[in-house]
Each structure stands twice: as C-alpha cells, then as structure tokens.
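*Asks:* Position one of the sequence shown corresponds to residue -16 (this note's numbering), numbered consecutively onward.
For each residue, glycine too, the CB sits at the ideal point set by N, CA and C.
Submitted below is the structure of interest, expressed as structure tokens.
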Amino acid sequence: VQLQASGGGLVQTGGSLRLSCAASGTIFSPNVMGWYRQAPGTQREFVASITSYGSTTYANSVKGRFTISKDITKNTLYLQMNSLKPEDTAVYYCRADQISARTTDWGQGTQVTVSS
C-alpha cells in the first residue's frame, strides 16, 4: 500500500490545519492507521491512531486539540489539528498497519510549522 500525506504548511499559534493521507491499494481489516511526527533532533513519536473498528487513541499532548478520522469511500485518513502550538512543529507521517498481513506502510511526511 502506498500512502501520500498532504496538507501541511505554515500556520500561526492557535491556528488549524487538516492533514490528509491518501492510500492507494486495499487496506484490509483488521488494521490500525495513524499519524506520527518527528521534530528536528528528536525521535518519531505517536500522535493519534484509529482502528478499522473506529476506535481512536491520542497522545496526551494533542488530546482535545487533534481529531483523527477516515473516509473509507475515499481511502483517506485525516488529522484535524486545532489550537496549534509551536511545539507541534514537525514532519507528520501517516502509517498503516495491516494486522493479518503483518505489514506496516509509511507515507512520505508533510511539514507542519507553527509560528509563535
């Protein structure tokens, strides 16, 4: 499965962005799709995930500000980011884990920059 992330950009503190991750190919259930981010000089960290059953999980740092969702008809994963902070600045990556096939696919990343 190929994943194409988009929607990043430059935004001021308090602003919003919506990231998209379009998947080409079939992602079989059960699966977990998620967003991760990596700031310069740091390790990639978990942001949010959604299972094929619709269960969501968020990192504490984004809980209440970010919302993960998916549109199965469009084969697309989203991350709505509100009340952005400078510490949210990072390259954001989408990821798809197909449980039965034991495969993990990553998108190429999209840059999010939040200015203070």
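Work out the CA separation of V(-6) and T87 for me, nearest whole Å.
*Replies:* 30 Å
*Asks:* Going by DSSP, name the residue or residues bridged to R1.
*Replies:* Q63
*Asks:* Identify which residue in T34, T96, W89, N58 has its Cα closest to the Cα of E70.
*Replies:* T96
*Asks:* Can you tell me where the beta strand (DSSP E) holding I55 begins and where it ends?
*Replies:* Here I55 belongs to no beta strand (DSSP E), and DSSP marks it neither H nor E.
*Asks:* Run through the DSSP bridge pairs and tell me what G17 is partnered with.
*Replies:* S32, R78
*Asks:* Out of V45, S52, N43, which one is the CA nearest neighbour of S35?
*Replies:* S52
*Asks:* Considering only the alpha carbon of each residue, which of F49, K57, L62, C4 lies closest to Q91?
*Replies:* Ranking F49, K57, L62, C4 by CA distance to the CA of Q91 puts C4 first.
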